[in-house]
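Report on one structure; see the data block that follows.
2 protein chains.
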Amino acid sequence: MPYFDTASSAPLHPVARQALLAALDEGWADPARLYREGRRARLLLDAAREAAADAVGCRPDELIFTPSGTRAVHLGVSGAAAARRRAGRRVVVSAVEHSSVLHAADRFAMTEVPVDRLGRVSAAAFAGALRGDGSGPAGEGTALACLQSANHETGTEQPVAEVAGVCREAGVPLLVDAAQSLAWGPVDGGWSLLAASAHKWGGPAGVGLLAVRKGVRFAPQEPADERESGRSAGFENLPAIVAAAASLRAVRAEAAGEAAGLRALVDRIRTRVPELVPDVEVVGDPVRRLPHIVTFSCLYVDGESLLHELDRAGFSVSSGSSCTSSTLTPSHVLRAMGVLSEGNVRVSLPLGTAAAEVDRFLAVLPGLVSTVRARIGAPDAEAPAGAAGSGGSRVLDTLGRRCPIPVIELAKLLPRVPVGATITVLSDDEAARLDIPAWCEMRGQEYAGEHEAERGTAYLVRRVS
Amino acid sequence: MPYFDTASSAPLHPVARQALLAALDEGWADPARLYREGRRARLLLDAAREAAADAVGCRPDELIFTPSGTRAVHLGVSGAAAARRRAGRRVVVSAVEHSSVLHAADRFAMTEVPVDRLGRVSAAAFAGALRGDGSGPAGEGTALACLQSANHETGTEQPVAEVAGVCREAGVPLLVDAAQSLAWGPVDGGWSLLAASAHKWGGPAGVGLLAVRKGVRFAPQEPADERESGRSAGFENLPAIVAAAASLRAVRAEAAGEAAGLRALVDRIRTRVPELVPDVEVVGDPVRRLPHIVTFSCLYVDGESLLHELDRAGFSVSSGSSCTSSTLTPSHVLRAMGVLSEGNVRVSLPLGTAAAEVDRFLAVLPGLVSTVRARIGAPDAEAPAGAAGSGGSRVLDTLGRRCPIPVIELAKLLPRVPVGATITVLSDDEAARLDIPAWCEMRGQEYAGEHEAERGTAYLVRRVS
Numbered sequence: 001m002p003y004f005d006t007a008s009s010a011p012l013h014p015v016a017r018q019a020l021l022a023a024l025d026e027g028w029a030d031p032a033r034l035y036r037e038g039r040r041a042r043l044l045l046d047a048a049r050e051a052a053a054d055a056v057g058c059r060p061d062e063l064i065f066t067p068s069g070t071r072a073v074h075l076g077v078s079g080a081a082a083a084r085r086r087a088g089r090r091v092v093v094s095a096v097e098h099s100s101v102l103h104a105a106d107r108f109a110m111t112e113v114p115v116d117r118l119g120r121v122s123a124a125a126f127a128g129a130l131r132g133d134g135s136g137p138a139g140e141g142t143a144l145a146c147l148q149s150a151n152h153e154t155g156t157e158q159p160v161a162e163v164a165g166v167c168r169e170a171g172v173p174l175l176v177d178a179a180q181s182l183a184w185g186p187v188d189g190g191w192s193l194l195a196a197s198a199h200k201w202g203g204p205a206g207v208g209l210l211a212v213r214k215g216v217r218f219a220p221q222e223p224a225d226e227r228e229s230g231r232s233a234g235f236e237n238l239p240a241i242v243a244a245a246a247s248l249r250a251v252r253a254e255a256a257g258e259a260a261g262l263r264a265l266v267d268r269i270r271t272r273v274p275e276l277v278p279d280v281e282v283v284g285d286p287v288r289r290l291p292h293i294v295t296f297s298c299l300y301v302d303g304e305s306l307l308h309e310l311d312r313a314g315f316s317v318s319s320g321s322s323c324t325s326s327t328l329t330p331s332h333v334l335r336a337m338g339v340l341s342e343g344n345v346r347v348s349l350p351l352g353t354a355a356a357e358v359d360r361f362l363a364v365l366p367g368l369v370s371t372v373r374a375r376i377g378a379p380d381a382e383a384p385a386g387a388a389g390s391g392g393s394r395v396l397d398t399l400g401r402r403c404p405i406p407v408i409e410l411a412k413l414l415p416r417v418p419v420g421a422t423i424t425v426l427s428d429d430e431a432a433r434l435d436i437p438a439w440c441e442m443r444g445q446e447y448a449g450e451h452e453a454e455r456g457t458a459y460l461v462r463r464v465s
Numbered sequence: 001m002p003y004f005d006t007a008s009s010a011p012l013h014p015v016a017r018q019a020l021l022a023a024l025d026e027g028w029a030d031p032a033r034l035y036r037e038g039r040r041a042r043l044l045l046d047a048a049r050e051a052a053a054d055a056v057g058c059r060p061d062e063l064i065f066t067p068s069g070t071r072a073v074h075l076g077v078s079g080a081a082a083a084r085r086r087a088g089r090r091v092v093v094s095a096v097e098h099s100s101v102l103h104a105a106d107r108f109a110m111t112e113v114p115v116d117r118l119g120r121v122s123a124a125a126f127a128g129a130l131r132g133d134g135s136g137p138a139g140e141g142t143a144l145a146c147l148q149s150a151n152h153e154t155g156t157e158q159p160v161a162e163v164a165g166v167c168r169e170a171g172v173p174l175l176v177d178a179a180q181s182l183a184w185g186p187v188d189g190g191w192s193l194l195a196a197s198a199h200k201w202g203g204p205a206g207v208g209l210l211a212v213r214k215g216v217r218f219a220p221q222e223p224a225d226e227r228e229s230g231r232s233a234g235f236e237n238l239p240a241i242v243a244a245a246a247s248l249r250a251v252r253a254e255a256a257g258e259a260a261g262l263r264a265l266v267d268r269i270r271t272r273v274p275e276l277v278p279d280v281e282v283v284g285d286p287v288r289r290l291p292h293i294v295t296f297s298c299l300y301v302d303g304e305s306l307l308h309e310l311d312r313a314g315f316s317v318s319s320g321s322s323c324t325s326s327t328l329t330p331s332h333v334l335r336a337m338g339v340l341s342e343g344n345v346r347v348s349l350p351l352g353t354a355a356a357e358v359d360r361f362l363a364v365l366p367g368l369v370s371t372v373r374a375r376i377g378a379p380d381a382e383a384p385a386g387a388a389g390s391g392g393s394r395v396l397d398t399l400g401r402r403c404p405i406p407v408i409e410l411a412k413l414l415p416r417v418p419v420g421a422t423i424t425v426l427s428d429d430e431a432a433r434l435d436i437p438a439w440c441e442m443r444g445q446e447y448a449g450e451h452e453a454e455r456g457t458a459y460l461v462r463r464v465s
């Protein structure tokens, strides 16, 4: 039963399990105590810190353990931004950061740097945002910049070293969210802070790490506590910390070989899915990407139904479609990239994935997509766009209908209006804002803008072929 | 090798170990995901929440898991106090709360309710503090009250139900820190919030719990996150949560039998230590107390040295003496009680402690105390207080000397001054503020007050017998 969602949480690495078991017996006492059980716990904690720092590429006294990657990000953003309060309140982030970064930055004055259609920021745009150009609050100095090493939905790698360079020139510290990439190698470039999460690399839940380079100003914002240099409160989760450090070392040892194998499998998915399934958009950078993640979206598909079908077929994947989100909004990553969100599937392969599993995925996917499309009444992909139909400009009322229905109705109507005619799609579904322009791009039709309507939003589509 | 510091951290309960192992295999996936691994994780999380809520005495939807007891306290205090910002900023706490409570409350306007010599608050004093009588900021309304169910250093139980009554009358929510007592039973009385920590009851590190009763206003103060009802950010530490819930259930099943056995052993320590060791003060409530904790202090003893000797003899205990603290201040609990802090030893017995272990502790303790006293040059306990010596009032300069030296020098000088004479002890050691008055009380001499001196503090002692 292939589990293809390792970017959410990876199964426990055998080395992590072994280290955890040993540390349960040796490392349950308080490492701050002077008696033998405490001293033993302290030794384990120190050794884990050294191993993790070595993997991160920092000094042991620059690294603390936190209860999760989310906490590492929250503590890192608040501590670094608050310490530079005098410089200003602006926190510059890429528009495709993990929600933990966005929510932490949003407590300050957040400026989002846009990404291109592959999901990548440019160092020049970042430099502009540091200066206060663009969308952020005017006149506000920049306290902190945040950039992921690679994206959690698309695998696209960011130009961290370049952005670190422009941050250094601007005198702004850079926090790197390395949650998705740390298993594969250290993050290059002159970052100031780095956050990561152990359960993403096969370590146990309950462990994040935060590195703060010496010389980077840092002011903890939470109630005083003596643990972890006063930067992360609460009794250390020592057995899990030991397991996290051991498994990080283990996955690093396997990284080169695994990366080559997984990269080839992801390339196969990237190539074959559009060949096997009509009306699919594979998103993200095809080259500058993590080895194990690939994301694609299927027109006229309800993401939740496709996930259920894949689950029944034995494949566990996730989705950035609005119907799979509790807020009924599509993934902010797909939105920032301006790509299709309907029928979205993220595949993230665990270490040791067999080619046969990927082949089986490719074998079942087309049938499952067809099933979901047929059930929802999608237009026939084989049908020609057709001769000009009757009538001129038309209004298509899809109010109250959820993704992918508005796009399906649009696709059905378009062949029935003359070339040159405009269809005004009324929709109150957040996904439409992303998916109607994306559909136009895929179909070679003109997207002529949107405006607020009496109810919902009016999206204008002009038939051009 | 007896480990007698279970109040710091308890060894992992066998049930916790077993549950943790099972959940490592079944519960590593994201419980928010829809595929089978996620659904399995969700079932485990729901079951753990039901078991924990049952043990706490609340509804499952009133309980969240946090990464530690400290985090449960921090989140509980900030969420409850911030939600009542309009009522005022005062947070009323007992003076003997755990440091996590004091540090969280200190971010608001903290008022400490004093305790008696047994370490117990009175409901009347609490009621006064809620109204704003006493030491707190004048004119400030009360947002929240915090009271531990039992003290972590002395085991003294607090009158939680009574205090909950006065809180309800005042319309102020009460947060109970139940970290030390939850293993023994639910907390009675109409509390509003309750916090606890799994590694205190034999669960794994990395799990705290916070219950917030329905109807209690609560405003999370941290960056938005969907986990745990939006009240505790970060990926759930599911295997540890499962183990925590299972072990809470297990220790509760054993609680009645264990309590009787440990209570008898602690009674033996309370009775025998003062018989076996001269100049010892056993502190805390002898009756209204937790079964497993006892604290005593030894005159003329350096706490750190005694801990080392006990460690070498195979006993792991902790201490509230200033010399065992990184800040060189004695425990705030002992200070609030006004009892001796030098040579302080806390014994907290784990489940299943054998009587023979306690007997061996009682057998080695007197010799170790004698050794430490001899090494430091303590006055001979057998020597008579002596006839009147030469000279009248005297100044004893102990500036720069650390606990227990100032008290030792005082004890040596006193027999050499006439009855009625005053000794002015100059000291810059924080422990002296507590230990000189405590020594006077133990020796039946008059403590005549203190005042600031050119360097340090002058403590006035009058010989009365």
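Those sequence lines, one after another, are chains Y and A. Quick note, in the UniProt record's numbering, the first sequence goes up one by one and the last residue is 465. Quick note, in the UniProt record's numbering, the second sequence goes up one by one and the last residue is 465. In this text, a Cβ means the ideal position worked out from N, Cα and C, and glycines have one as well. Treat the numbers as computed from the prediction; the structure is a model and nothing was measured.
Using a Cβ cut-off of 8 Å (strictly closer), state whether residue i contacts chain A.
i	result
threonine 154 of chain Y	no
aspartate 54 of chain Y	no
aspartate 188 of chain Y	no
proline 204 of chain Y	yes
Give the range of the beta strand (DSSP E) segment to which residue i is assigned.
i	result
cysteine 146 of chain A	142 to 148
cysteine 167 of chain Y	Counting along the chain, cysteine 167 of chain Y falls outside any beta strand (DSSP E), though it belongs to the alpha helix (DSSP H) covering 160 to 170.
threonine 66 of chain Y	63 to 66
phenylalanine 296 of chain Y	293 to 298
Examine chain Y for any beta-carbon lying closer than 8 Å to the beta-carbon of residue i, and answer yes or no.
i	result
leucine 24 of chain A	yes
glutamate 236 of chain A	yes
isoleucine 140 of chain A	According to the sequence provided, residue 140 of chain A is glutamate. The question's isoleucine does not apply to it. Taking Cβ atoms only, chain Y never reaches closer than 8 Å to glutamate 140 of chain A, which makes this a no.
proline 418 of chain A	no
alanine 29 of chain A	yes
glutamate 37 of chain A	yes
aspartate 5 of chain A	yes
glutamate 454 of chain A	no
arginine 17 of chain A	yes
arginine 42 of chain A	no
Just confirm the distance between the C-beta atoms of residue i and residue j, as a whole number of angstroms; I'd bet it's less than 8 Å.
i	j	result
aspartate 428 of chain A	glycine 456 of chain A	3 Å
leucine 210 of chain A	alanine 104 of chain A	No, leucine 210 of chain A and alanine 104 of chain A are not in contact; Cβ-Cβ is about 12 Å, not under 8 Å.
phenylalanine 4 of chain Y	valine 317 of chain Y	5 Å
serine 319 of chain Y	arginine 346 of chain Y	6 Å
When the Cα atoms are used, what is the spatial distance from residue i to residue j?
i	j	result
arginine 107 of chain Y	arginine 17 of chain Y	37 Å
alanine 264 of chain Y	aspartate 177 of chain Y	26 Å
lysine 412 of chain Y	glutamine 180 of chain Y	40 Å
proline 173 of chain Y	glutamate 112 of chain Y	16 Å
glycine 343 of chain Y	valine 301 of chain Y	4 Å
leucine 147 of chain Y	leucine 334 of chain Y	17 Å
proline 384 of chain Y	proline 404 of chain Y	Unreliable positioning characterises proline 384 of chain Y in this predicted model, as indicated by a pLDDT of 49, which lies under 50. A coordinate reading is not provided.
residue 478 of chain A	alanine 183 of chain A	Here chain A comprises residues numbered 1 to 465, so residue 478 of chain A is not present and cannot be evaluated.
alanine 48 of chain Y	valine 15 of chain Y	14 Å
threonine 156 of chain Y	valine 93 of chain Y	16 Å
valine 407 of chain Y	arginine 84 of chain Y	47 Å
Please check if any C-beta of chain C sits within less than 8 Å of the C-beta of residue i.
i	result
tyrosine 459 of chain A	Within the model displayed, chain C is absent; protein chains Y and A are what it includes.
Could you tell me which residues DSSP pairs with residue i in its beta bridges?
i	result
tyrosine 3 of chain Y	Y:Ser316
phenylalanine 126 of chain Y	Bridge partners of phenylalanine 126 of chain Y: none, in fact.
glycine 208 of chain Y	Y:Thr66 and Y:Ser197
glutamate 157 of chain Y	Y:Ala150
Starting from residue i, follow the alpha helix (DSSP H) in both directions and report where the run begins and ends.
i	result
alanine 19 of chain Y	14 to 26
arginine 42 of chain A	36 to 56
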